[in-house]
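Read the structure below first, then the notes.
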Amino acid sequence: DFEKTIKVLIVGNGKVGKSSMIRRFCTGTFTNTYKRTIGVDFLEKVQYCRELGEDVRMMLWDTAGQEEYDTITRTYYRGAGACVLAFSTTDRDSFRTVSTWKKKVEAECGEIAMVLVQTKADLIDQAVVDKDEAEQLAENLGLKFYRTSVKDNLNVDLVFEDLVVLADRYAQS
Ligand code: GDP
Ligand code: MG
Numbered sequence: 021d022f023e024k025t026i027k028v029l030i031v032g033n034g035k036v037g038k039s040s041m042i043r044r045f046c047t048g049t050f051t052n053t054y055k056r057t058i059g060v061d062f063l064e065k066v067q068y069c070r071e072l073g074e075d076v077r078m079m080l081w082d083t084a085g086q087e088e089y090d091t092i093t094r095t096y097y098r099g100a101g102a103c104v105l106a107f108s109t110t111d112r113d114s115f116r117t118v119s120t121w122k123k124k125v126e127a128e129c130g131e132i133a134m135v136l137v138q139t140k141a142d143l144i145d146q147a148v149v150d151k152d153e154a155e156q157l158a159e160n161l162g163l164k165f166y167r168t169s170v171k172d173n174l175n176v177d178l179v180f181e182d183l184v185v186l187a188d189r190y191a192q193s
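Residue numbering for the sequence shown is 21 to 193, as defined by this note's numbering.
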């Protein structure tokens, strides 16, 4: 058994790359074909956290495509200790919706460790969100901000490593 287990939510509009991020972090793969995540509740990864000096069991919960229908249930949010708010480089609407996702999580979970993540950084040519406004949003929401690419394997591990440490700080306070 592990001393620390943490449930992590990855929220954001459909197709921003949430399932890809979870898969990349947990299994180290990227696939270009879009697969609806149906029936999969979560993937697990045991990660050694250098700052805490121990193994942490992370349960990464996926939304099974329900985000498009606004039918995410309480079960999904219950007991979460950390959350990734994700929007895509190429999807303006997903950027606009970030604060709504944040409120939904906070309504169910209270204040938990959260970070803001811009996905698909490799598609910078097709960007519809400015560098400045993304950073501004992070500042307004009081969140640490990361640009990631599952395709190029950029910053994906870092996001989850930092979240573990942040969640531990929330748990202490
Ligand atoms: P979800 O609906 O948020 O779970 O999104 P998915 O993980 O299913 O990804 C939606 C689409 O975006 C799929 O076609 C993925 O292959 C693609 N995708 C995900 N991450 C990246 C990335 O970092 N770069 C690029 N170019 N495509 C990505
Ligand atoms: Mg998905």
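Ideal Cβ placement from N, Cα and C applies to all residues, glycine included. Bear in mind the structure is a predicted one, so any value in this text is a computation, not a measurement.
- Lys140 carries a coil assignment under DSSP once its states are collapsed to helix, strand and coil.
- Between the alpha carbons of Ala133 and Leu186 lies a distance of about 6 Å.
- When DSSP assignments are scanned along the region 159 to 192, the uninterrupted stretches of beta strand (DSSP E) that are 3 or more residues long and fall wholly within it turn out to be 164 to 167.
- Distance from the CA of Glu64 to the CA of Leu29, rounded to the nearest whole angstrom, comes to 12 Å.
- Approximately 7 Å separates the beta-carbon atoms of Ala106 and Gly37; this is inside 8 Å, confirming the contact.
- By DSSP's assignment, Tyr68 forms a beta bridge with Asp75.
- About 15 Å separates the beta carbons of Val184 and Ile42, which is beyond the 8 Å limit, so they are not a contact pair.
- Taking 8 Å as the cut-off, the Cβ atoms of Thr109 and Gln156 do not count as close.
- Beta-bridge pairing by DSSP links Phe115 to no other residue.
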